[in-house]
Every structure is written in structure tokens, then in C-alpha cells.
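Notes to accompany the following structure.
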Amino acid sequence: DVKVTQSSRYLVKRTGEKVFLECVQDMDHENMFWYRQDPGLGLRLIYFSYDVKMKEKGDIPEGYSVSREKKERFSLILESASTNQTSMYLCASRERQDMNTEAFFGQGTRLTVV
Amino acid sequence: AQSVTQLGSHVSVSEGALVLLRCNYSSSVPPYLFWYVQYPNQGLQLLLKYTTGATLVKGINGFEAEFKKSETSFHLTKPSAHMSDAAEYFCAVRLSSGGSYIPTFGRGTSLIVHP
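So the sequence lines, in the order shown, correspond to chains A and B.
According to this note's numbering, the stretch in the first sequence is residues 848 to 961, in order.
According to this note's numbering, the stretch in the second sequence is residues 11 to 125, in order.
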């Protein structure tokens, strides 16, 4: 089974802090994604990466950056956390984008910015 | 413009009743369509998917969905609801964006099952 592991289930950070959310997948998938989930808004794509060192902006990249130095790891960075970034963050991976395969999700990180 | 529309943010059914969760999509190319389920405090897991071939797709836990191109719909059904089906359900479509294919999700439907 594919396993996508997010480093923290719950995080509480202060406004202005630099925050790192880590995601690791164990199935040699090329594609990785970061989504943000808010009630009534569903999942919104922040960034995605289709291969190592490659990244593309999603629908809501402002205030975020990403890093993918190794194939298995995709990090989401909040440069200066703000209260409006309080949310559930979901990482996902997918084998390749030219395959009709589904995305596999981690358990999510619930971030609270105070 | 939203590419995946889920009608109804909440659907309430009695245990044993039919479950119907609605999803409509907009896509200029033949779509790949997915339904995911999210239980409380967990990530999403795949229920079923349509790529090509048979338009009636069966998934896990007794769920199925039918792709209707003429209606641009991919509604999720289950003949008899169980208490354990209470969860958030997301419809997703694989969209083309600048040469990349991105899973794009609807806003979700919360299924409530009454005893």
C-alpha cells in the first residue's frame, strides 16, 4: 500500500513564525501536491510538484512556498504565518500525471496560527 | 469557474435508505472522475474512479457511480445507508492546467446517517 506521511497531525504556531509542513511518500511517485481544506470550500490546491526540484503554483499560492529536493519528500513552507492560514493541510502523491491513477493522501496537518 | 459542483453541502438519510450524492463537472476533454471519502480527522481515501470503458463504476463499501456524459454528471449512490457511511464525500475531476493534469475537487458533501 502507498503510504503518505505528514510529519505532524496538529500544530500551533504564532503569527509571524516560519512554519514547515513535511510530507513523505514511500512509493516512488513523481507527483506530489499540497492542498488546503476549509469548511465549505473543499480542497484548494496550493502547490504541486511533478518531479524532483519541479514546482508549479496552484490556485492559492500566496503566502506559501514549497521545496522538493528529494523525490519522496515535499515540504510546504509558510514564510510568515498569519491567522488566516489556520486550516487543515493535506499532502497527496500520484504515480505520474499521464496515468489515470488516483491521488493518495496523508492524514492531514491541522495548523492553528495564534 | 468551478469545474466540479457538488449539489448539497449536507445530505441526511436514515439508516437503510438510499444514498444519493450529486456531482456535476465541466471539462473540455473526456474526464477522469473520482469519488473520495474522508472520515473525521483523517485524510481522503478513494471510493471509486471512472477513466474509460463501463460507465457504471463500482467501488468500495457498496458504493457505485454512473458517468453520464450527456448530463455531465457522476452521481454517487448506495442502496442502503449504514451508520458507518457518515463522512465527508468529495467528487474530483482530473483537469488539464498548462500541460499538467491536476486533481480538482468539489466542495464536499457531508453525509449524515440517522438511526
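All C-beta atoms in this analysis are idealised placements derived from N, C-alpha and C, irrespective of residue type, glycine included.
Check residue i in the structure and name its three-state DSSP category.
i	result
Gln954(A)	coil
Lys865(A)	coil
Glu81(B)	helix
Ser13(B)	coil
Thr959(A)	strand
Asn947(A)	coil
Thr930(A)	helix
Work out the CA separation of residue j and residue i for me, nearest whole Å.
i	j	result
Val103(B)	Phe77(B)	12 angstroms
Met879(A)	Ser940(A)	4 angstroms
Leu858(A)	Leu890(A)	19 angstroms
Ala950(A)	Ser24(B)	31 angstroms
Ile70(B)	Pro50(B)	18 angstroms
Thr61(B)	Asn34(B)	16 angstroms
Ala11(B)	Thr82(B)	Note that Ala11(B) has pLDDT 49, beneath the 50 cutoff, so the model's placement of it is unreliable and no number is given.
Leu925(A)	Leu57(B)	32 angstroms
Thr87(B)	Gly863(A)	46 angstroms
Val116(B)	Tyr882(A)	Looking at the sequence shown, residue 116(B) is not Val but Gly. Approximately 13 angstroms between the Cα atoms of the pair.
Gly18(B)	Leu121(B)	10 angstroms
Ala75(B)	Leu28(B)	13 angstroms
Tyr46(B)	Ser927(A)	32 angstroms
Tyr42(B)	Asn931(A)	33 angstroms
Cys938(A)	Phe73(B)	25 angstroms
Can you tell which of the options has the C-alpha that lies nearest to the C-alpha of residue i?
i	options	result
Glu916(A)	Glu869(A), Asp848(A) and Thr959(A)	Glu869(A)
Val851(A)	Asp875(A), Ser929(A) and Pro886(A)	Asp875(A)
Met935(A)	Val871(A), Tyr897(A), Leu923(A) and Lys902(A)	Leu923(A)
Glu877(A)	Ser914(A), Gln954(A) and Val899(A)	Val899(A)
Pro113(B)	Val29(B), His20(B), Leu54(B) and Gly26(B)	Leu54(B)
Asp906(A)	Asp873(A), Leu892(A), Asn947(A) and Gln944(A)	Leu892(A)
Gly26(B)	Ser94(B), Gln16(B) and Thr15(B)	Ser94(B)
Ser22(B)	Ala64(B), Trp45(B), Ser90(B) and Val39(B)	Ser90(B)
Glu942(A)	Asp873(A), Gly955(A) and Ser855(A)	Asp873(A)
Gln48(B)	His20(B), Phe100(B) and Pro125(B)	Phe100(B)
Since residue i sits in a beta bridge, which residues does DSSP pair it with?
i	result
Ala97(B)	Leu121(B)
His20(B)	Ser120(B)
Leu28(B)	Leu28(B) pairs with nothing; no bridge assigned.
Arg915(A)	DSSP, once it has assigned bridges, lists no residue as partnering Arg915(A).
Please check if any C-beta of chain E sits within less than 8 angstroms of the C-beta of residue i.
i	result
Gln954(A)	Included in the structure are the protein chains A and B, with no chain E among them.
Problem set entry | beta strand (DSSP E) segments (min. 3 residues) lying fully within the stretch 36-64 of chain B | Listed in chain order, the complete beta strand (DSSP E) runs (minimum 3 residues) inside the stretch 36-64 of chain B are 43-48 and 54-60.
Problem set entry | Minimum length 4: unbroken alpha helix (DSSP H) runs contained in the stretch 869-913 of chain A | For the stretch 869-913 of chain A, not a single whole alpha helix (DSSP H) run of length 4 or above is found.
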